[in-house]
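J.:
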Amino acid sequence: EAGVAQSPRYKIIEKRQSVAFWCNPISGHATLYWYQQILGQGPKLLIQFQNNGVVDDSQLPKDRFSAERLKGVDSTLKIQPAKLEDSAVYLCASSLGRRGFPLHFGNGTRLTVT
Amino acid sequence: DQQVKQNSPSLSVQEGRISILNCDYTNSMFDYFLWYKKYPAEGPTFLISISSIKDKNEDGRFTVFLNKSAKHLSLHIVPSQPGDSAVYFCAASAPNYGQNFVFGPGTRLSVLP
Chain A
33 EAGVAQSPRY KIIEKRQSVA FWCNPISGHA TLYWYQQILG QGPKLLIQFQ
83 NNGVVDDSQL PKDRFSAERL KGVDSTLKIQ PAKLEDSAVY LCASSLGRRG
133 FPLHFGNGTR LTVT
Chain B
930 DQQVKQNSPS LSVQEGRISI LNCDYTNSMF DYFLWYKKYP AEGPTFLISI
980 SSIKDKNEDG RFTVFLNKSA KHLSLHIVPS QPGDSAVYFC AASAPNYGQN
1030 FVFGPGTRLS VLP
């Protein structure tokens, strides 16, 4: 089974610029997550989709972050404008969407904001 | 307020010995727990899970123990191998969280040859 695909792997931008990340989940996985992992911390949920609807975006900084999941498959996460504190690894994960099943993560995008 | 804590940032163990990684949680509603392993420049990889109806789950060299009254779980790796050197995260979910998981800060395990 193909895993969760993410691109790009690395991105360096200046503050106030915009950036977008792409994720393709495991085929058949209804639930898709975007997590932010700051160095030395555990992943923190930004947004959770069930098919193409948002389940939880309570920790998404909506003044600068946006995400969409068109047709219930691929997803994009955008940051505009970026701040220095957005430097982190952005992890996409997917799951079958039922309790008792784990999340499967992609390799992440490492974002550096200078 | 951290709901999932891993109080040991790092742990070193000799190859062949037992590694014990600990995790504490504060939310009594958590009823499903996962352990993940993460190598540098890779995403976290699922290792093992346990639900609150059990107090132990085994998968090969990995065993997870859950003590609900103490709100504590631990991951045992026996025997430890150099390839086990990684950062280990525990994660927890509650019924009202849907499929959302809260992660601990991780413990870096080094297995010395």
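From first to last, the protein sequence lines are chains A and B. With the first letter of the first sequence counted as 1, position 113 gets the number 145 in this note's numbering; the numbers rise by one all the way through. With the first letter of the second sequence counted as 1, position 82 gets the number 1011 in this note's numbering; the numbers rise by one all the way through. Don't be surprised by glycine CBs; every beta carbon is placed ideally from N, CA and C.
#1: Which residue comes first and which comes last in the beta strand (DSSP E) that contains residue 944 of chain B?
#2: Mind listing the chain A neighbours of residue 978 of chain B? Cutoff is C-beta to C-beta under 7 Å, in chain order.
#3: Using the beta-carbon count (16 or more within 10 Å), is residue 968 of chain B buried or exposed?
#4: Does the beta-carbon of residue 943 of chain B have 16 or more other beta-carbons within 10 angstroms, so that it is buried, or is it exposed?
#5: Would you verify that the beta carbon of residue 954 of chain B is, or is not, closer than 9 Å to some beta carbon of chain A?
#6: Distance, Cα to Cα, residue 119 of chain A vs residue 144 of chain A?
#7: Return the CA-CA distance between residue 39 of chain A and residue 998 of chain B, expressed in angstroms with no decimal places.
#8: Does residue 99 of chain A have its Cβ less than 9 Å from a Cβ in chain B?
#9: Residues in the same chain with beta-carbon distance under 7 Å from residue 62 of chain A, minus the five sequence neighbours each way, listed in chain order, please.
#10: Determine the burial state of residue 107 of chain A: buried for a count of at least 16 other Cβ atoms within 10 Å of its Cβ, exposed for fewer.
#11: So, for residue 54 of chain A: in the same chain, excluding its five sequence neighbours on each side, which residues have a beta-carbon less than 6 Å away from its beta-carbon?
#12: Do residue 961 of chain B and residue 1032 of chain B have their C-beta atoms within less than 9 Å of each other?
#13: What first and last residue would you give for the beta strand (DSSP E) that runs through residue 1037 of chain B?
#14: If I measure Cβ to Cβ from residue 1011 of chain B and keep anything under 7 Å in the same chain, skipping five residues before and after, which residues do I get?
#15: Measure from the C-beta of residue 107 of chain A to each C-beta in chain B and report whether the shortest distance is under 9 Å.
T.: Taking the coordinates as given:
#1: Careful: residue 944 of chain B lies outside any beta strand (DSSP E) and carries neither H nor E.
#2: Neighbours of residue 978 of chain B in chain A, taken as residues whose beta carbon is under 7 Å from its own, are 134 in chain order.
#3: exposed
#4: exposed
#5: no
#6: 5 Å
#7: Those two C-alpha atoms are separated by around 43 Å.
#8: It does not; no Cβ of chain B falls within 9 Å.
#9: 82, 83, 128, 129
#10: buried
#11: 39, 108
#12: No. Outside cutoff.
#13: Secondary structure note for residue 1037 of chain B: its beta strand (DSSP E) is the uninterrupted segment 1036-1041.
#14: In the same chain as residue 1011 of chain B, and ignoring 5 residues on each side of it, the C-beta atoms closer than 7 Å to its own belong to 944, 1040, 1042, in chain order.
#15: no
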